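Working notes, beginning with the structure itself.
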Amino acid sequence: MLPTIRSRAAWQISKRIQTASRRSYAFSANDQQEINDPTPQKDVPNVSKTNELPTEAVHTSTSLQEKTEDAEHRRVTQAPNRAVAWSRSQNPRAKAMSGPRFEQTIMEAQPAPQAAITLIHQQPVRWTHERMVACDGGGGPLGHPRIFINVDKPQICMCTYCGLPFANEHHRAHLESLHTTPYPLEPQGKAAEVPESQRITDEALGQR
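Numbered by full-length UniProt numbering, the letters in the sequence shown go through residues 1 to 208 in order.
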């Protein structure tokens with residue numbers, strides 16, 4: 001009887017140790033905790049004073065040249081219309097061109113697309129009289145799978161796939177009474193606005 005109790009107790013203790021060790025090493029990919037590095041890397045600015053000297057470029061007729069102050073501003077700005085990163089998988093632009101070799105390091109000549117997360121909030125609200133709407137991103141080869149959205153609540157409901165905003169016509173007065181809204185309630189005439197139809201032809205795989 002005694003050996004059985006001892007073996008069972010030893011088994012329970014080993015199981016607890018394994019569970020504790022497993023929990024101590026478990027972590028999430030979304031954790032933002034910094035690792036205690038005894039030798040942290042130094043922040044090395046990738047803006048060079050030599051970029052103020054004109055440099056010949058093969059793909060342009062003019063020479064490449066930029067001031068250090070302008071380059072520093074472009075280096076710390078993640079996108080032309082957004083200052084910080086908007087995804088955990090993004091690498092900050094301030095760390096750009098620090099590892100690989102480049103033909104030239106002038107920030108103005110590097111790709112800098114507009115941030116879609118900011119452009120989507122320039123789209124006006126799509127008003128409807130139905131309690132449910134379907135969004136396919138305009139359809140066609142550039143669209144997305146159809147998403148059904150409930151718009152029966154007094155709020156702006158966005159598509160979880162492309163971010164287009166929808167709202168019920170019955171709640172227009174309430175939304176207009178709010179001080180601010182995440183999306184404009186009416187078209188503002190901005191270049192980033194997309195027409196509601198988003199289509200050039202009406203067939204199933206039509207042109208957008």
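For glycine and all other residues, C-beta sits at the position ideal for the given N, C-alpha and C. As the structure is a computational prediction, the values presented were derived from the model and not from experiment.
Among residues of its own chain, excluding the 5 on either side of residue i, which ones have a beta-carbon nearer than 6 Å to its beta-carbon?
| i | result |
| --- | --- |
| Pro184 | Pro124 |
| Asn168 | Val151 |
| Pro54 | Ser63 and Gln65 |
| His171 | Pro154 |
| Arg131 | Asp152 |
| Ser145 | The residue you asked about is not Ser; residue 145 is Pro in the sequence shown. Around Pro145: no qualifying Cβ. |
Mind checking who residue i pairs with in its DSSP beta bridge?
| i | result |
| --- | --- |
| Ile147 | Cys135 |
| Leu64 | Thr55 |
| Ala157 | In the sequence as presented, Ala is not what sits at residue 157; that position holds Cys. According to DSSP, Cys157 bridges with Phe166. |
Secondary structure at residue i, three-state DSSP: helix, strand or coil?
| i | result |
| --- | --- |
| Asn168 | strand |
| Thr128 | strand |
| Ala85 | coil |
| Thr55 | strand |
| Leu178 | coil |
| Ala79 | strand |
| Asp37 | coil |
| Gln123 | coil |
| Glu69 | helix |
| Ala192 | coil |
| Ala116 | helix |
| Lys42 | coil |
Ignore the nearest five residues each way along the sequence and tell me which others in residue i's own chain have a CB closer than 7 Å to its CB.
| i | result |
| --- | --- |
| Val133 | Ile149, Val151 and Phe166 |
| Thr160 | Ile147 |
| Ser21 | Summary for Ser21: the model assigns pLDDT 49, below 50, so the residue's position carries little reliability; its value from the coordinates is reported in the next sentence. Hits under 7 Å: none found. |
| Trp86 | Ala115 and Ile117 |
| Glu186 | Pro124 |
| Val84 | Gln78 |
Answer yes or no: do residue i and residue j have a C-beta to C-beta separation smaller than 8 Å?
| i | j | result |
| --- | --- | --- |
| Gly137 | Cys162 | yes |
| Pro182 | His121 | yes |
| Arg93 | Gln78 | yes |
| Arg126 | Leu175 | no |
| Thr128 | Arg82 | no |
| Asn91 | Ala71 | no |
Going along the chain, which residues of its own chain have a beta-carbon closer than 8 Å to the beta-carbon of residue i, five neighbours each way excluded?
| i | result |
| --- | --- |
| Glu193 | Gln122, Gln123, Pro124 and Pro187 |
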